[in-house]
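A.B. asks: Sharing a structure here in structure tokens format.
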Amino acid sequence: MTPAHSKTQRRTAIIGGGPGGLTLALILQEHGISSVIYERDLEDKSHERGGSLDIHEDSGQLALKEAGLYEAFQMAARAEGEDFRLMDKKGKIYIDEVADGNLSDGHGRPEIDRGVLCNLLLNKLDQSKIRYGYKLDKVVSLGDGKSELHFDNGNVEVADLVIGADGAFSRVRPLLTDIDVEYSGLTMLELNVIADHHPDLAAFNSRGKMFALEDHKGILGQLNGNGRIKVYASFKVERDWLDHIRNDNPQEMKAKLLELFHDWNESLQNYIRYAEDSILPRRIYMLPVGFRWERNPGITLIGDAAHVMSPFAGEGVNLAMLDALELALALVRNENTAQAIEEYEEKMFQYSSEKAAESNENLILCFSDHAAPKLAQLMQSYHDKYEQQA
674 MTPAHSKTQR RTAIIGGGPG GLTLALILQE HGISSVIYER DLEDKSHERG
724 GSLDIHEDSG QLALKEAGLY EAFQMAARAE GEDFRLMDKK GKIYIDEVAD
774 GNLSDGHGRP EIDRGVLCNL LLNKLDQSKI RYGYKLDKVV SLGDGKSELH
824 FDNGNVEVAD LVIGADGAFS RVRPLLTDID VEYSGLTMLE LNVIADHHPD
874 LAAFNSRGKM FALEDHKGIL GQLNGNGRIK VYASFKVERD WLDHIRNDNP
924 QEMKAKLLEL FHDWNESLQN YIRYAEDSIL PRRIYMLPVG FRWERNPGIT
974 LIGDAAHVMS PFAGEGVNLA MLDALELALA LVRNENTAQA IEEYEEKMFQ
1024 YSSEKAAESN ENLILCFSDH AAPKLAQLMQ SYHDKYEQQA
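Numbering (our numbering), first residue to last: 674 to 1063.
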């Protein structure tokens, strides 16, 4: 067992400056507890990563309330981002939901761009507590719960608590387990369309998300607050499929995508035709459902480092922020670092396993036969259950 450290003297190192790491540092700061974020990039690059995020009332929004950012979030969030259209490859619509635009009641899952969310967190966080250009090289245990952090830039730091908030390919996770992420079987190509340049597609997509699913493939469109439609052309392929196209130019990549979706509705194909030249290939990885690790008195994980899963439960950033909330409050309640970790991990293992199972089931459903009507039926059952509970 590690000895009790004063909460204000505990040297806490957060590896990774994404939404989870920033939320954790800010909630700790709100409670008078210092921490340091070590971010591998030389500057904040939140605006370059990901698209629009739906923030859930029972997880991400709770974390923002504890961080003192809920009102700022409400001002920045887009209720209309909850609009959702579901169709098959021919354009037959199964769901066409329109949000009521009311954020004041605290319900729903309003959207906010990842970069805007990170700016809210960064603007309130003590900037002296963020170290950019610190890529973790290795961690050396000093015993008694302490760790020595070695970074690629030559700096060495000592911490009483190391928190891996460094994503799916975490450099901290191997300190706790030999289990690594596995390819889920799903590959996505992320494209961008400027909505104002293509009013026909903007109208087709509407104000929020559009899912078109069939033939074990999908075209997913998501209108962001910056006027871009993030597009995810998605399909089940072998892991090495990307290796054969990565060096192709964008026009050739788009041509291959149009070949894959050759018999899809013309408007759906336009998500590919209208895309700009910036195309980002993504393999979707996951950790095993129910993943746990052997407890370490001075190291733990949050976010994708702890429970990376497919995006088909909409839980990624929300779980990272909920992890941040639960871990921060455990550290506030407990002088003893090991006790705080135990309290946090027991809660986190439970809720993350449930969401990982849901995410995996949704991934299988969305890329199965007759996916659109099956997803519509599932969403209707969720709606009916919610109405009964209300």
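The beta-carbon is built from N, C-alpha and C at its ideal position, and this holds for glycine as well. The structure displayed is predicted, hence computed values, not measured ones.
1) Apart from the five residues just before and just after D778, which ones in its own chain have a Cβ nearer than 8 Å to its Cβ?
2) Note down the Cα distance separating N865 from L859, rounded to an integer number of angstroms.
3) Between A1049, G894, L953 and V845, which lies nearest to G976 when the distance is taken from Cα to Cα?
4) Is the Cβ-Cβ distance between Q924 and F934 less than 8 Å?
5) Just to confirm, is the Cβ distance from A752 to G781 under 8 Å?
6) For a test of the three-state rule: what should DSSP assign to I905, helix, strand or coil?
7) Here's a check: name, in chain order, each residue in its chain whose Cβ is nearer than 7 Å to the Cβ of H980, leaving out the five neighbours to either side.
8) Within the same chain, show all residues whose beta-carbon is closer than 8 Å to that of S983, passing over the 5 residues directly before and after it, in chain order.
9) When DSSP builds the beta bridges, which residues end up paired with I766?
10) Can you tell me where the beta strand (DSSP E) with T850 in it begins and where it stops?
11) Counting only the same chain and skipping the five closest in sequence on each side, list residues whose C-beta sits under 7 Å from that of G693.
12) For my contact list, I700 and A740 are in at a C-beta cut-off of 8 Å; report their separation, rounded to the angstrom.
13) Given a threshold of 16 other Cβ atoms within 10 Å of its Cβ, counted over all protein chains shown, does W937 qualify as buried or as exposed?
14) Please report the distance separating the alpha-carbon of T675 from that of L715.
15) Apart from the five residues on each side of it in sequence, which residues of its chain come closer than 7 Å, Cβ to Cβ, to D950?
16) Is Y1017 near E988, with beta carbons less than 8 Å apart?
17) Between the beta-carbon of A978 and the beta-carbon of S843, is there less than 8 Å?
18) Under the assumption that R683 contacts D817 (Cβ atoms under 8 Å), give the Cβ distance between them as a whole number of angstroms.
19) Considering only C-alpha positions, which residue in the set G705, A876, A906 and L896 is nearest to D888?
20) Do the segment 865-878 and the segment 888-904 meet, that is, are 3 or more Cβ pairs less than 8 Å apart?
21) Are T973 and I836 closer than 8 Å when you measure CB to CB?
22) Evaluate A928 with the Cβ neighbour count: other Cβ atoms within 10 Å of its Cβ, from every protein chain shown; 16 or more gives buried, anything less gives exposed.
23) By alpha-carbon positions, which one of L815, S940, N828 and N897 ends up nearest to D873?
24) What's the C-alpha gap between W966 and T850?
25) Can you list the alpha helix (DSSP H) stretches of 4 or more residues lying completely in the segment 849-891, in chain order?
26) Would you tell me roughly how many angstroms separate the C-alpha atoms of Q747 and H917, rounded to the nearest one?
27) Taking only three categories from DSSP, how would you classify G781?
28) For G690, count neighbouring C-beta atoms within 10 Å of its own C-beta (all shown protein chains included) and say buried if the count is 16 or more, exposed if not.
29) Whole-angstrom Cβ separation of D727 and C791, contact assumed at under 8 Å?
30) Where does P1046 fall in DSSP's three states?
31) Measure from the alpha carbon of H823 to the alpha carbon of each residue in D869, R713, V962 and L886, then state which is nearest.
32) What's the call for R758, buried or exposed, on a 16-neighbour Cβ count within 10 Å?
33) If you scan the segment 962-1033 from start to end, which runs of the alpha helix (DSSP H) of 4 or more residues do you find wholly inside it?
34) Alpha carbon to alpha carbon, what distance is there between V910 and R955?
C.D. replies: If we stick to the structure as given:
1) Reliability of the predicted coordinates at D778 is poor, the pLDDT of 49 falling under 50, and no value is obtained from them.
2) 20 Å
3) V845
4) no
5) yes
6) First, the amino acid is wrong: residue 905 is Tyr here, not Ile. Three-state result, Y905: strand.
7) L960, F964, L992, S1025 and A1029
8) S857, L859, I957, M959, S1032, N1033, N1035 and L1036
9) M760
10) Counting along the chain, T850 falls outside any beta strand (DSSP E), and DSSP gives it neither H nor E.
11) A838, I975, G976, A993, M994, D996 and A997
12) 5 Å
13) buried
14) Because T675 sits at a pLDDT of 42, beneath the cut-off of 50, its placement in the model cannot be relied upon, and the following sentence gives the value as read from the coordinates. If I take the Cα positions, the gap works out to 33 Å.
15) P923
16) no
17) yes
18) At roughly 13 Å, the Cβ-Cβ gap does not stay under 8 Å, so R683 and D817 are not in contact.
19) A906
20) yes
21) yes
22) exposed
23) S940
24) 6 Å
25) 872-878
26) 44 Å
27) coil
28) buried
29) Incorrect: roughly 16 Å between the Cβ atoms, too far for contact.
30) helix
31) R713
32) buried
33) 977-980 and 989-1006
34) 12 Å
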